[in-house]
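Trainee: Handing you this structure, nothing more for now.
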Amino acid sequence: MSVIDEVKDRLDIVEVISSYIPLQQAGRNFKALCPFHSEKTPSFVVFPESQNWHCFGACSEGGDVFSFVMKWEGWDFRTALEEMAQRAGVELRPRTPAQKEAEEKADRLRELLDTCARYYQHLLLHAPEAQKTRAYVTERGLNEESIERFTLGYSLPGWDSARAYLIERGYTVEELIEAGALVHREDTQRTYDRFRDRLMIPIRDRDGYVIGFGARTLDPKGVPKYLNSPKTSLFDKSHTLFGLDLARKAIRREDRAIIVEGYMDVMQAQQAGFANVVAQMGTALTEQQLKQLQRYTKRLVLALDPDAAGVQATLRGVEVARETLEQEWEPVFDPRGLVGYEGRLGAEIRILQLPPGQDPDDLIREAPERWKSLIEAAVPVVDFYIQILMKGLNVDDSKAKAQVVDELLPVLQAVANPVERSDYVQKIARTLQLDVRAVQSRLNSTARQSARRPARRPPSKAQGAPTTLAEAEADLEGHCLALFLQRPSILAQINETLQQEQQEPLQAHDFQDTTYRALFTVWQTLAEDKNHIPIDRLYEHLPTDLHQHLDRLLSDDKIDPALADEQVVRNAVLTMLRLRERNLKRLGRELSILTQEAQEAGDVRAEQYAAAWRTHTEMLRRTQQALAQQ
46 MSVIDEVKDR LDIVEVISSY IPLQQAGRNF KALCPFHSEK TPSFVVFPES QNWHCFGACS
106 EGGDVFSFVM KWEGWDFRTA LEEMAQRAGV ELRPRTPAQK EAEEKADRLR ELLDTCARYY
166 QHLLLHAPEA QKTRAYVTER GLNEESIERF TLGYSLPGWD SARAYLIERG YTVEELIEAG
226 ALVHREDTQR TYDRFRDRLM IPIRDRDGYV IGFGARTLDP KGVPKYLNSP KTSLFDKSHT
286 LFGLDLARKA IRREDRAIIV EGYMDVMQAQ QAGFANVVAQ MGTALTEQQL KQLQRYTKRL
346 VLALDPDAAG VQATLRGVEV ARETLEQEWE PVFDPRGLVG YEGRLGAEIR ILQLPPGQDP
406 DDLIREAPER WKSLIEAAVP VVDFYIQILM KGLNVDDSKA KAQVVDELLP VLQAVANPVE
466 RSDYVQKIAR TLQLDVRAVQ SRLNSTARQS ARRPARRPPS KAQGAPTTLA EAEADLEGHC
526 LALFLQRPSI LAQINETLQQ EQQEPLQAHD FQDTTYRALF TVWQTLAEDK NHIPIDRLYE
586 HLPTDLHQHL DRLLSDDKID PALADEQVVR NAVLTMLRLR ERNLKRLGRE LSILTQEAQE
646 AGDVRAEQYA AAWRTHTEML RRTQQALAQQ
């Protein structure tokens, strides 16, 4: 995590901006009269989920916490970073050579895997060999938007197709091995493509970077059915949740995460509008996966297969959750008056029970409303345990009943609400045909045993520990900025071409990534002659933490020096239009939500937001039309 991201993670944009201007909560967001122009109706909106702000009035500007204080205070980026770092309690210091090398290496591998994913997608869409895979994707009900959203692809059956493609683009065999794209045989020193003749599903981290692949064979005799990337410096399946990059905002918004097993389950859910669904990477949930989810919600629904293996995976997942998720601690006194601390699970875990023979993929495709009702009908974990343990139980077998009670006690003790706990005690007694006092006595005995252990204090939280939030999509932005930095003379031609396409010239707000926006802003400020970039002065005016990013952009070898300026301009314009399209889509979604909330509340600003949405829709149409003509 860069120091910029650390500062942003520790600051709440609502808190920062409200220290400058009064904010009024409106639904999930906050509104105010724009401080940067005169108005009578509030058009300035702060979005806590994305930690951004935007003026939908005359300014039509927006950004993050840094851009706000820079505009308000008139600071340059260096000053803004220093002031906000001090406010957040983050120490600014230069990266060590080792840190710099590790970051550059990680960036290089991310670029490699992104290139690989786009290569596979091109093959899926155009290669004759991918016809069967294209048909399969269609049969599974995935539309073009989902193919694009998940960057689905196809790997050729040859042994070195991907290898040749990536090496031609400047990546080394060593990098391909390290990224997991190639297999290296020690005995023969031979390397070959890891993925061959498979449907390729990019696996992304929570920030949207490709870190590996899941690959499905369509050959009935092919084994394994699914082949994942190996563990690398970027990818560890025990630390990864498929689809979290797309689901995390919805999880936070709905305060609930639905956990499924398969890639297709997540893709169908996203396509059908169920955005808070993620898939575990493996046979059972892990501690690291649950800790990631805990950053967004404490309400989990496990929707795993109803077969025996799925039930066992569910039980293991519940056990891991009990051991992992943050607990609420309450004191328990033993008969001697000694105090111990007993953990109550500070989370709600429910189990979605799927119909026999169906998985979420099938259910969502065939009956989305049924899927929705099953989510709402998900049972608490204790009820699920009772159902499972009671199957086939002989209620006349006293030892078997005692064993069931003992297996239920740890789950029962974790129930935070004492009324619920008491109700479950009665339910267990009734189901097992036992005296309720016997079950309660056993529960109390277990609690006393916990209290007799050495006094256990609630674990203390790390002071000021940062929570990782979203980093902006930066691949397009970085490429675009590298073009300008390496060939400053083309900027005028790029802006001229953009204006011919009814687009405004390149602006700082086109860059959503704080680092790239800062670089562009500083460059704009310093460059009096647009045909010359004062690189030395640029370094001087940038915080040390940004030097490594500038180094990387200036040495970006993906920009072929042999290309004519005309081709570079075309590439830059195409990149810029893609950036605009992405940003307009995001802004359009936010406007749509604002309009709906205002309409439901009878707010007079509903028409203002609707008008702004129509304006942005027209801008998006023009941008997409310009893209189609490139």
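The numbering of the sequence shown is my numbering, which starts it at 46 and goes up by one.
Glycine residues also receive a C-beta, built at the ideal position from the N, C-alpha and C atoms.
These numbers were taken from a predicted model, which means no experiment stands behind them.
With a floor of 4 residues, list each alpha helix (DSSP H) that falls wholly inside the region 82 to 162, ordered by position along the chain.
Mentor: Counting only runs of 4 or more, we get 110 to 118 and 122 to 133.
Trainee: Which residues bound the beta strand (DSSP E) around Lys76?
Mentor: Unbroken beta strand (DSSP E) run through Lys76: Asn74 to Ala77.
Trainee: Run the CB neighbour count on Ser206, radius 10 Å, all protein chains shown included, and call it buried at 16 or more, exposed below.
Mentor: Ser206 comes out buried.
Trainee: One question on the structure: do Val427 and Val450 come within less than 7 Å of each other, judged by their Cβ atoms?
Mentor: Their beta carbons are not under 7 Å apart, which means Val427 does not touch Val450 by this criterion.
Trainee: Need the endpoints of the beta strand (DSSP E) that Pro247 sits in, please.
Mentor: Arg243 to Arg249 is the extent of the beta strand (DSSP E) around Pro247.
Trainee: In chain order, what residues of the same chain lie with their CB nearer than 8 Å to the CB of Glu452, ignoring the 5 residues before and after it?
Mentor: Closer than 8 Å at the Cβ level, and outside the excluded window around Glu452, lie Tyr430 and Leu434.
Trainee: Grouping DSSP H, G and I as helix and E and B as strand, with all else coil, what is Thr560?
Mentor: The answer is helix: DSSP assigns Thr560 an H, G or I state.
Trainee: Determine the burial state of Trp658: buried for a count of at least 16 other Cβ atoms within 10 Å of its Cβ, exposed for fewer.
Mentor: The residue is buried, with at least 16 neighbouring Cβ atoms inside 10 Å.
Trainee: Which term fits Leu608, buried or exposed, when burial requires 16 or more other beta carbons within 10 angstroms of its beta carbon?
Mentor: With fewer than 16 Cβ atoms within 10 Å of its Cβ, Leu608 is classed as exposed.
Trainee: Cβ atoms of Thr566 and Leu622: under 7 Å apart, would you say?
Mentor: Contact flag unset, no.
Trainee: What does a CB cutoff of less than 8 Å around Ile535 pick up in its chain, not counting 5 residues either side in sequence?
Mentor: Once the five neighbours on either side are set aside, the close Cβ partners of Ile535 are Leu528, Phe529, Asp610, Val613, Val614 and Ala617.
Trainee: Could you check whether the region 635 to 654 touches the region 98 to 116, counting it as contact only if at least three pairs of C-beta atoms, one from each stretch, sit closer than 8 Å?
Mentor: Result yes; three or more Cβ-Cβ pairs closer than 8 Å.
Trainee: Does the distance from the CB of Leu263 to the CB of Tyr181 come in under 7 Å?
Mentor: Yes.
Trainee: Phe258 bridges to which residues according to DSSP?
Mentor: Paired residue(s): Pro247.
Trainee: Quick one: give me the first and last residue of the beta strand (DSSP E) that Gln69 is part of.
Mentor: That run of the beta strand (DSSP E) goes Gln69 to Ala71.
Trainee: Check whether the region 274 to 283 and the region 302 to 319 are in contact - that is, three or more C-beta pairs closer than 8 Å.
Mentor: The region 274 to 283, when compared against the region 302 to 319, does not touch it at the 8 Å Cβ threshold.
Trainee: Is His171 buried or exposed, if buried means 16 or more other CB atoms sit within 10 Å of its CB?
Mentor: Exposed, because fewer than 16 other Cβ atoms sit within 10 Å of the Cβ of His171.
Trainee: Quick check: the Cα distance between Ile394 and Ala295, rounded to an integer number of angstroms?
Mentor: Approximately 18 Å, taken between the alpha carbons.
Trainee: List, from N- to C-terminal side, the beta strand (DSSP E) runs of 3 residues or more that fit wholly inside the region 174 to 246.
Mentor: Segments of the beta strand (DSSP E) lying fully in the region 174 to 246: 198 to 200, 227 to 230 and 235 to 238.
Trainee: Enumerate, from N- to C-terminal direction, the unbroken alpha helix (DSSP H) stretches of 4 or more residues contained entirely within the region 314 to 339.
Mentor: Listed in chain order, the complete alpha helix (DSSP H) runs (minimum 4 residues) inside the region 314 to 339 are 332 to 339.
Trainee: What does DSSP give as the partner residue(s) for Glu393 in the beta ladder?
Mentor: Note: Glu393 sits in a beta bridge opposite Arg344.
Trainee: Exposed or buried, which one is Leu599 when buried takes at least 16 other CB atoms within 10 Å?
Mentor: It is exposed - the Cβ of Leu599 has fewer than 16 other Cβ atoms within 10 Å.
Trainee: Compare the C-beta of Ser467 with all C-beta atoms of chain C and state if any pair is closer than 7 Å.
Mentor: This model lacks chain C altogether; it includes just one protein chain.
Trainee: Going by beta carbon distance, what residues of the same chain come within less than 6 Å of Ala563, once the five residues before and after it are set aside?
Mentor: The answer, listed in chain order, is Phe122.
Trainee: With DSSP as the reference, please indicate the residues paired to Tyr271 in a beta bridge.
Mentor: In DSSP, Tyr271 forms a bridge with Arg261.
Trainee: State yes or no: is the C-beta of Val255 within less than 7 Å of the C-beta of Leu289?
Mentor: No, these two residues do not count as a Cβ contact at 7 Å.
Trainee: Compute the distance between the beta-carbons of Leu89 and Ala71, then report whether it is under 7 Å.
Mentor: In the sequence on display, residue 89 carries Phe and not Leu. For Phe89 and Ala71, no; Cβs fall outside 7 Å.
Trainee: Would you kindly work out how many angstroms separate the C-alpha atoms of Thr124 and Cys79, rounded to a whole number?
Mentor: Cα to Cα, Thr124 sits roughly 23 Å from Cys79.
Trainee: Can you tell me whether DSSP reads Leu587 as helix, strand or coil?
Mentor: It is coil, neither helix nor strand.
Trainee: Consult DSSP for Asp574 and reduce its assignment to one of helix, strand or coil.
Mentor: Low per-residue confidence applies at Asp574: pLDDT is 48, beneath 50, and the placement is therefore not dependable, though the value from the model is reported in the following sentence. Asp574 falls in the coil class under three-state DSSP.
Trainee: Pull the bridge partners of Pro425 from the DSSP assignment, please.
Mentor: Paired residue(s): Arg395.
Trainee: Where Gln337 and Ser83 are concerned, what is the direct C-alpha to C-alpha distance, given to the nearest angstrom?
Mentor: Those two C-alpha atoms are separated by around 43 Å.
Trainee: Looking at C-alpha atoms only, which residue of Asp57, Gln674, Glu219 and Ser274 is the closest neighbour of Phe258?
Mentor: Cα-wise, what sits closest to Phe258 is Ser274.
Trainee: Hey, could you find the ends of the alpha helix (DSSP H) Val450 is sitting in?
Mentor: Counting along the chain, the alpha helix (DSSP H) containing Val450 begins and ends at Ser443 to Gln458.
Trainee: Can you grab the Cα-Cα spacing for the pair Arg251 / Lys446, in whole Å?
Mentor: C-alpha separation (whole angstroms): 44 Å.
Trainee: To the nearest angstrom, how far is the alpha carbon of Ala474 from that of Glu94?
Mentor: Answer to the nearest angstrom: the Cα atoms are 45 Å apart.
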